[in-house]
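J.:
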Amino acid sequence: MKAALRLYLFCCCAWASGVFAEEEEAEASFRVLGYGNGDFQGILFEREGLEGPETVNLGFVPDRKSRPVKLAEAPGRLSFFKEELDARGRRQRVDLGEVAWPDGAERVLLVFLERESLGDSPPAFDILALDESPEVWGPRCVRFLNLTGVPLDARMQRFAFALEEGPSDILCFEGEYSVPMTLELSLPWRGRREIVYSARFVADQYSPKLLVVKPPRSAGSFKVEVETIW
186 MKAALRLYLF CCCAWASGVF AEEEEAEASF RVLGYGNGDF QGILFEREGL
236 EGPETVNLGF VPDRKSRPVK LAEAPGRLSF FKEELDARGR RQRVDLGEVA
286 WPDGAERVLL VFLERESLGD SPPAFDILAL DESPEVWGPR CVRFLNLTGV
336 PLDARMQRFA FALEEGPSDI LCFEGEYSVP MTLELSLPWR GRREIVYSAR
386 FVADQYSPKL LVVKPPRSAG SFKVEVETIW
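The opening residue of the sequence shown carries number 186 in this note's numbering; numbering runs sequentially from there.
Below, the structure is given as structure tokens:
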């Protein structure tokens with residue numbers, strides 16, 4: 186009887202753990218990262234709360250991902266806006282952009298790329314939605330985000346590939362390729378190959394990496410910057 190009771194309790198605990206795990210896995214969330222000339226302050230998002238819709242002020246952090254914004258479920262699209270006063274002092278909503286949620290994604294990284302605006306026009310953004318669910322973008326994996334405005338050629342160990350503008354595919358390194366290696370970026374210039382970046386790269390065994398390739402700081406320089414985001 187005691188053995189049967191222990192078996193029953195074990196099965197109940199296992200069932201409850203599975204239910205809770207499914208609930209946790211079903212919870213969607215996103216983080217934000219911003220690049221541009223603005224300060225990315227006052228960007229708002231509306232989600233469903235316990236007492237109805239609630240407005241969330243996105244907390245952008247320089248050079249790193251924000252804290253996760255949790256959602257009750259994965260949405261179809263996400264819309265962002267700011268609030269400002271019109272000429273009569275009334276609060277109005279100004280749309281800033283929207284993006285589709287990647288199919289099947291549990292966690293998403295939203296990269297806001299600020300477009301140039303004229304005069305007092307409200308900021309406008311191109312928003313990239315990158316699936317960073319653990320099973321998609323996990324440990325020892327890296328993704329590039331090329332913000333230089335030009336395609337580059339990349340070489341890592343014996344792998345050579347084109348680095349187009351925007352986000353790259355996800356590269357994962359296992360076994361012998363999880364050791365330190367040289368990352369080299371180059372482009373053709375006046376009949377030869379100009380190396381614009383060269384440094385050591387190590388795949389992180391605990392976390393994925395986002396390598397953001399940014400334009401040179403100095404005018405006339407070929408040397409691009411590479412920023413590592415965990």
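Every residue gets a Cβ at the ideal spot worked out from N, C-alpha and C, and that includes glycine. For clarity, every value in this text was computed on a predicted model and none was experimentally measured.
By how many angstroms is the C-alpha of residue 359 removed from the C-alpha of residue 400?
T.: Straight-line Cα distance between these residues: approximately 30 Å.
J.: Under a Cβ-count criterion, where at least 16 other Cβ atoms within 10 Å of its own Cβ denotes burial, should residue 252 be classed as buried or exposed?
T.: Exposed, by the Cβ-count rule.
J.: What are the start and end residues of the beta strand (DSSP E) that includes residue 222?
T.: Unbroken run through residue 222: none, as it is neither H nor E.
J.: Mark residue 394 as exposed unless 16 or more other C-beta atoms lie within 10 angstroms of its C-beta, in which case mark it buried.
T.: Result: buried.
J.: On the DSSP bridge assignment, give the partners of residue 314 in chain order.
T.: Answer is 295, bridged to residue 314.
J.: According to DSSP, is residue 371 helix, strand or coil?
T.: Note: residue 371 maps to strand in three-state DSSP.
J.: Rank 330, 249, 255 by C-alpha distance to the C-alpha of residue 240 and give the top, closest one.
T.: Here the closest residue by C-alpha is 255.
J.: Counting only runs that start and end within the segment 266-296, where is the beta strand (DSSP E) found for 3 or more residues in a row?
T.: Segments of the beta strand (DSSP E) lying fully in the segment 266-296: 276-285.
J.: Under 8 Å, with one C-beta from each stretch per pair, do the segment 336-346 and the segment 314-321 reach the 3-pair mark?
T.: Because the criterion of three Cβ pairs below 8 Å is not met, the segment 336-346 and the segment 314-321 do not touch.
J.: Counting Cβ pairs closer than 8 Å, one from the segment 349-359 and one from the segment 368-378, do we hit at least three?
T.: Output reads no: the segment 368-378 does not touch the segment 349-359.
J.: Mind checking which residues open and close the beta strand (DSSP E) that includes residue 340?
T.: That run of the beta strand (DSSP E) goes 337-341.
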